[in-house]
Structure formats: C-alpha cells, structure tokens
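Enquirer: Protein chains in written order, with this note's numbering: chain P, 10 to 273; chain Y, 24 to 275.
C-beta: ideal position from N, C-alpha, C; glycine also.
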Amino acid sequence: MSTTLPIANREARPVVAAAPATSEPKRHAATVRVTHWLTTIAFLALLLTGGEIVLSHPRFYWGEIGNVNVKPWLNLHLPSSRDTVPTGYGYVLPDQNGWSRYLHFQAAWLAVGTGLFYLLWGVFSGHFRRNLLPGSSDRSLRRIGASCVEHLRFKRPPAEEAWSYNVLQRLSYLIVIFVLAPLMIWTGLAMSFGFDAAFPLGVRLLGGHQTARSLHFIATILLALFLVVHVVMLFVAGFRSRMKAMITGRADRVAVNAADGGNR
Amino acid sequence: MSKISRRKLITGGIAAVAGVSGIAVAGKLAKAHGLIPPDCSGIYGPGETLTYAAQRILNHRAMAREFSRSEISANPFANEVAPLGDDFARMQAGGFADWKLTVDGMASRPTVFSYPEIMSFPKVSHTTMIGCEEGWTYIAEWTGVPLSYILDRVGAMSQARYVVYRSIQPDWWESVDMNDALHPQTVVATGMNGANLPVPFGGPLRMRLPRQLGYKSVKYLVHLTLTDNMKSFGKGTGGSASDSGYAWYAGI
Numbered sequence: 010m011s012t013t014l015p016i017a018n019r020e021a022r023p024v025v026a027a028a029p030a031t032s033e034p035k036r037h038a039a040t041v042r043v044t045h046w047l048t049t050i051a052f053l054a055l056l057l058t059g060g061e062i063v064l065s066h067p068r069f070y071w072g073e074i075g076n077v078n079v080k081p082w083l084n085l086h087l088p089s090s091r092d093t094v095p096t097g098y099g100y101v102l103p104d105q106n107g108w109s110r111y112l113h114f115q116a117a118w119l120a121v122g123t124g125l126f127y128l129l130w131g132v133f134s135g136h137f138r139r140n141l142l143p144g145s146s147d148r149s150l151r152r153i154g155a156s157c158v159e160h161l162r163f164k165r166p167p168a169e170e171a172w173s174y175n176v177l178q179r180l181s182y183l184i185v186i187f188v189l190a191p192l193m194i195w196t197g198l199a200m201s202f203g204f205d206a207a208f209p210l211g212v213r214l215l216g217g218h219q220t221a222r223s224l225h226f227i228a229t230i231l232l233a234l235f236l237v238v239h240v241v242m243l244f245v246a247g248f249r250s251r252m253k254a255m256i257t258g259r260a261d262r263v264a265v266n267a268a269d270g271g272n273r
Numbered sequence: 024m025s026k027i028s029r030r031k032l033i034t035g036g037i038a039a040v041a042g043v044s045g046i047a048v049a050g051k052l053a054k055a056h057g058l059i060p061p062d063c064s065g066i067y068g069p070g071e072t073l074t075y076a077a078q079r080i081l082n083h084r085a086m087a088r089e090f091s092r093s094e095i096s097a098n099p100f101a102n103e104v105a106p107l108g109d110d111f112a113r114m115q116a117g118g119f120a121d122w123k124l125t126v127d128g129m130a131s132r133p134t135v136f137s138y139p140e141i142m143s144f145p146k147v148s149h150t151t152m153i154g155c156e157e158g159w160t161y162i163a164e165w166t167g168v169p170l171s172y173i174l175d176r177v178g179a180m181s182q183a184r185y186v187v188y189r190s191i192q193p194d195w196w197e198s199v200d201m202n203d204a205l206h207p208q209t210v211v212a213t214g215m216n217g218a219n220l221p222v223p224f225g226g227p228l229r230m231r232l233p234r235q236l237g238y239k240s241v242k243y244l245v246h247l248t249l250t251d252n253m254k255s256f257g258k259g260t261g262g263s264a265s266d267s268g269y270a271w272y273a274g275i
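1) Would you please verify whether the beta carbon of S263 of chain Y is less than 7 Å from any beta carbon of chain B?
2) Less than 7 Å between the beta carbons of E89 of chain Y and T166 of chain Y, yes or no?
3) When DSSP labels each residue in this structure, what does A260 of chain P get in the three-state scheme?
4) Nearest CA to the CA of L141 of chain P: which residue from P:L128, P:L150, P:V43?
5) Would M180 of chain Y be called buried (16 or more neighbouring beta carbons within 10 Å of its own) or exposed?
6) For the segment 68-83 of chain Y, which residues have a beta carbon sitting closer than 7 Å to at least one beta carbon of chain P?
7) Per DSSP, what kind of secondary structure is W108 of chain P in: helix, strand or coil?
8) Judging by CA-CA distance, which residue of Y:E164, Y:L244, Y:I275, Y:G108 is the nearest neighbour of V186 of chain Y?
9) Between T260 of chain Y and the rest of its own chain, which residues show a CB-CB distance below 8 Å, the 5 nearest in sequence each way excluded?
10) Spatial neighbours of F131 of chain Y within its chain, please: CB distance less than 6 Å, with the 5 preceding and 5 following residues excluded, ordered by chain position.
11) Could you give the distance in angstroms between the alpha-carbon of W118 of chain P and the alpha-carbon of N216 of chain Y?
12) Tell me whether the segment 42-60 of chain Y and the segment 173-193 of chain P touch, counting them as touching only if at least three CB pairs, one residue from each stretch, are closer than 8 Å.
13) Buried or exposed: K242 of chain Y, going by 16 or more other Cβ atoms within 10 Å of its Cβ?
14) Roughly how far, in whole angstroms, is the beta-carbon of Q105 of chain P from the beta-carbon of S90 of chain P, given that I think they are within contact range, below 8 Å?
15) Taking three-plus beta-carbon pairs below 8 Å as touching, is the segment 56-64 of chain P in contact with the segment 114-133 of chain Y?
16) State the Cα-Cα distance for the pair S156 of chain P and W130 of chain P, rounded to the nearest angstrom.
17) Give the range of the beta strand (DSSP E) segment to which F136 of chain Y is assigned.
18) Hey, does H45 of chain P have any beta-carbon neighbour from chain Y nearer than 7 Å?
19) Straight-line CA distance for V188 of chain P to T257 of chain P?
20) Please report the straight-line C-alpha distance between K146 of chain Y and L174 of chain Y, rounded to a whole angstrom.
21) Are there 16 or more other CB atoms within 10 angstroms of the CB of P169 of chain Y, so buried, or fewer, so exposed?
22) Could you say which of Y:F100, Y:R84, Y:S143, Y:S240 lies nearest to N202 of chain Y if we only look at CA atoms?
23) Go ahead and pull the three-state DSSP assignment for K31 of chain Y.
24) What's the call for E71 of chain Y, buried or exposed, on a 16-neighbour Cβ count within 10 Å?
25) Tell me whether D295 of chain Y is buried or exposed, calling it buried when 16 or more other Cβ atoms sit within 10 Å of its Cβ.
26) Within the chosen definition, does the segment 36-44 of chain Y reach the segment 225-240 of chain Y through at least 3 CB pairs nearer than 8 Å?
27) If you draw a straight line from the C-alpha of Y100 of chain P to the C-alpha of R222 of chain P, how long is it?
28) By Cβ distance, which residues of its chain are closer than 6 Å to M152 of chain Y, with the 5 residues on each side in sequence left out?
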C-alpha cells in the first residue's frame, strides 16, 4: 500500500506513514503553531505599546545623546503625549506610558521566552534545516528572481505550496528569525540602563544609546512591513486553508489531492 | 484520529508538576533574595518581577558607564517641573542655607542635616548619562555625597530593605532597594558640570542614580526614610510613579 506523498512535505512524512491512510497529514507541528500564536500576541502588544512610547518623544537621534536641544535625524512630526516636545500641534495626547511600558516589557518576556523555545526546538528537530533553509535547487539568484516575479504578479501559489514554503518565504522567515528578532532584542536591551551597566559593550558596539533606540525603531518598521506582507500573502494563498493549517495543523484534503495529482 | 498516548500523558503530567513546583521554588528563592519588587501584584506583576529579578542578578555589582568630559552635553535638557512656590523662592534667595535633609526610619541616629552640612561631606563625581522614560538622554558630570555615606552616618539598621526619598514638591517620592541605595554611583547630588546643581536640574539636592531612569532621580530632596516594608507608604507600590501606573524598577 503506497500513499503518494507530496514531494515537498518532508516533515509530514513520518506522521503520515504511521497514521492510517484515512487521516490527514500534518502541515505544521504543534510547536510551530503554539509558538506562532504566542509570538503573534506578544508582537501585537509590543507594536501597540512601542508606538505609544514613541509618541512621548517622536524624534530619533544617532550616538549616545538626544533630546529636544539636539538635532534629530528623524522627526516623525506626530502629536506627542508630552508638552516637553515642541510638535507644532496645539494639543498634547494623554500620557499612556505607564501601562505601555509595563505591557511592553511583559510582552517582551513572552516573545523572548517563546523565541528561545522555538529556536532550541527548531535546531534539534531539524525544522530550520528542513522547512526554512532553501532547498539546494532553490539556492540560486535565478530561482529567487523567478519567485519574486511570481509574487509580484500575486499569482495564487500552486497546490503543493500548501505543504511547503517557497524560497522567498523561507528567506524572509530566516531574516525575521535570525536577523530582525535578535536585533530587536539587542537594541531593546541596549536602551535599558540596568543592562547598559551590566553589559556596556552591548551598547558601545551598536554605537550608543540613541543609535540603539533608532535601530529598534527601524527594525520595528521592517517587522511591521513583514507583518503586512505576511497577512496579504495569507489572503492571496487562501485565508481559510492557511489559517486552518496554522490552527489545527492540518491542510485541506483538496490541497493534498491536488498536490498528489500534480506529483508526476 | 490522533490519540494521546500513555507515555505522552505521563511525561506531560511530570512536566506540568515540575513546572508548577519549579515556579513555586523560584518564587520562594526570589523572595528570600529580595528579588520581588513592591509592585509585583496586578496584571503586569509577572513581567515586572522577571525584569527586576533578572537585572538584579546580572547587575547587582555593575557600574553605570562613565563618559569622558568631552562627551558632556553642551545643552542638557531640564525637564519641566511644577511651580516650586514661595518657600522655595525664599530659601533659594538665601543660598539654600535653610534647606534641610531629614533622615529617619530604621536608623540608630535619625538626623536632620542642613544643606551646608551636606556640602561639607566627602563627595564623588561621575560623568554619566541620564535618560527619561520618554526616550531622550543627556550626559553630565554629577557631583554629590554618596547615599551610602549618609546612611552610614545615621546608622542604617541591617533590617532596612528600602530607602524612601521625597521631594519638597508634594506627592513626589520614590524608593530604591539597598543594592541601589548603597551603590557607589548613587549620590545625593549637589553639583552638575562643576557648578552647584542648578534649580531646573533639581538643585540644591537631587537623588541621582545612573542605573535607573530619570524619574527615580527625584529633584529638590528633603527627606529620606529607611524601611523594611513599602506597605505603609502611599499605595504600597514603592513610589509616586508606581502608585500612578509606572514601574517601580526603572532600570529598563
């Protein structure tokens, strides 16, 4: 009895092999799903409260020092929650920094804890190697370019993609996990005076307290852009099936059959 | 469909029991080592406790970064304060000769120090950064009497766990644990950039602790109290900032 498996579904192979032929194979491991949604909660809380904290001083500087007497490299020209910042607006927003800072750091603990667990699991389970590292055939600029074109044309992905990540997806996930998230944590910690005292090199290497704050903001913009594209692609690829896969861990039978059919 | 195997159930159960008892043991240990902040209750208590405990373990002996004199901000920003009132203006006119710093609580020799007395005490200087929770920073050279020297003079009792400090401005008070209180860089600041501490920056006396945010560096200091418990102060969270929704520990 041979069940034809979609080629890309390498991770699901052992699960399917052990299960009765009638059961649906797994798309996302439980660890991926739980850490995905915990990270979602933490990230949204961090984004909201981070934006709120920025409103109390919506200007950014390089180096160690920055205040209203220093020329910023970036002035967001937003209304502020403090009247110490001359914004040009005739009003001051209500101060929300107390709960915003409390929630920001609590959500950061959730994000870091979840991230560390995911990182360890990802290394030891082979998740990164199998599901995120682009396959050898995909490791060429031509393939990446072709994938870019497919994405820009908002082409609905082929059915077997319900079982695997395409090369652009893999690269963007790798950048988020191994570049932006660590940069976010590092720059965030570098702004803490307690951390600064314990690990001064962590601030010096970045180029100073205000540089850390600026990089934290830039990384936020990049992560927010990732979130927008991530959600847009969710709709392009099929909201219902992709959500189902990330919640229940199972992909649609239709997708399996289609992938089987296309599996020459 | 998938069944939960007996092995999974047993390992899951053991993990759950280990997790719960692990948290209980960690809580007991943290309490014994003074790693629980006064604002540990409420929905943000877990994050606040984790931050405080983690930073205390990592930085309990760490010194804030010191800068060179050339890095001192030419144009430091003095945060706004509420109007200081007639009494303050009168004392300012008299060169703060009538300014008093009262030290009481768990001290064997509670004392009221005059400003001239404080000025005669041994002083230290450090060129450090001050940062506001809003995000702005500046660097200045701060000169002051180490808080540890004052606590030593009044005979601080070993049971004391916090130093509560108050501004002449009503409802402006904070507290720090003994690790910060006895830290060599924690000073009752009397000077800034080589001159007496200017009034907009907290003169004549300001608490200055460079390992925490600016809101812990209370201006116009008049009163220190040693205590082993924050419950009888305000709402019990350890300061006017934390009583109004800000974190008590401001090392982050």
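Expert: On the basis of the data shown:
1) Any reference to chain B falls outside this structure, whose protein chains are P and Y.
2) The sequence position of residue 89 of chain Y within the second sequence is 66, counting from 1. The sequence position of residue 166 of chain Y within the second sequence is 143, counting from 1. No, the Cβ-Cβ distance between E89 of chain Y and T166 of chain Y is not below 7 Å.
3) Within the first sequence, the letter at position 251 stands for residue 260 of chain P. Coil.
4) Taking the first residue of the first sequence as position 1, residue 141 of chain P is located at position 132. Nearest option by C-alpha distance: P:L128.
5) Looking up residue 180 of chain Y in the second sequence gives position 157. Answer is exposed; the Cβ neighbour count stays below 16.
6) P69, G70, E71, L73, T74, Q78, L81, N82
7) Start at 1 with the first residue of the first sequence, and residue 108 of chain P comes out as number 99. In the structure shown, W108 of chain P sits in a helix (DSSP, three-state: H, G or I).
8) Indexing the second sequence from 1 puts residue 186 of chain Y at position 163. Closest by alpha carbon: Y:L244.
9) Along the second sequence, one-based indexing puts residue 260 of chain Y at 237. Excluding residues within five positions, the ones whose Cβ falls inside 8 Å are P61, D62, M253, D266, W271.
10) Numbered from its first residue, the second sequence carries residue 131 of chain Y at position 108. Phe is not the amino acid found at residue 131 of chain Y; the sequence shown has Ser there. Counting only Cβ-Cβ distances below 6 Å, and skipping sequence neighbours, we find G178.
11) Along the first sequence, one-based indexing puts residue 118 of chain P at 109. Along the second sequence, one-based indexing puts residue 216 of chain Y at 193. Their backbone Cα atoms lie some 38 Å apart in a straight line.
12) no
13) Walking along the second sequence from the start, residue 242 of chain Y turns up at place 219. Classification of K242 of chain Y: buried, given that the 10 Å Cβ count is 16 or more.
14) By one-based count along the first sequence, residue 105 of chain P stands at place 96. By one-based count along the first sequence, residue 90 of chain P stands at place 81. Confirmed, about 6 Å.
15) no
16) Translated into the one-based positions of the first sequence, residue 156 of chain P becomes position 147. Translated into the one-based positions of the first sequence, residue 130 of chain P becomes position 121. The alpha-carbon atoms of S156 of chain P and W130 of chain P are separated by roughly 29 Å.
17) Walking along the second sequence from the start, residue 136 of chain Y turns up at place 113. Per DSSP, F136 of chain Y belongs to the beta strand (DSSP E) from 134-137.
18) Here residue 45 of chain P corresponds to residue number 36 of the first sequence, with the count starting at 1. Not an interface residue.
19) Mapped onto the first sequence, residue 188 of chain P falls at position 179. Mapped onto the first sequence, residue 257 of chain P falls at position 248. For V188 of chain P and T257 of chain P, the distance between alpha carbons rounds to 29 Å.
20) As a working note, residue 146 of chain Y is residue 123 in the second sequence. As a working note, residue 174 of chain Y is residue 151 in the second sequence. Spanning the two alpha carbons is a distance of roughly 14 Å.
21) Here residue 169 of chain Y refers to the residue found at position 146 when the second sequence is read from its first residue. With 16 or more other Cβ atoms within 10 Å, it is buried.
22) Position 179 of the second sequence, counting from 1, holds the residue named residue 202 of chain Y. With distances taken between Cα atoms, N202 of chain Y lies closest to Y:R84.
23) Against the second sequence, residue 31 of chain Y aligns to sequence position 8. Of the three classes helix, strand and coil, the one that applies to K31 of chain Y here is helix, per DSSP.
24) Residue numbering aside, residue 71 of chain Y sits at position 48 when the second sequence is read from its first letter. With 16 or more other Cβ atoms within 10 Å, it is buried.
25) Residue numbering for chain Y in the displayed model covers 24 to 275; residue 295 of chain Y lies beyond these limits and cannot be assessed.
26) no
27) Counting from 1 along the first sequence, the entry for residue 100 of chain P is found at position 91. Counting from 1 along the first sequence, the entry for residue 222 of chain P is found at position 213. Their Cα atoms are separated by approximately 25 Å.
28) Your numbering for residue 152 of chain Y matches position 129 in the second sequence. T160, I162.
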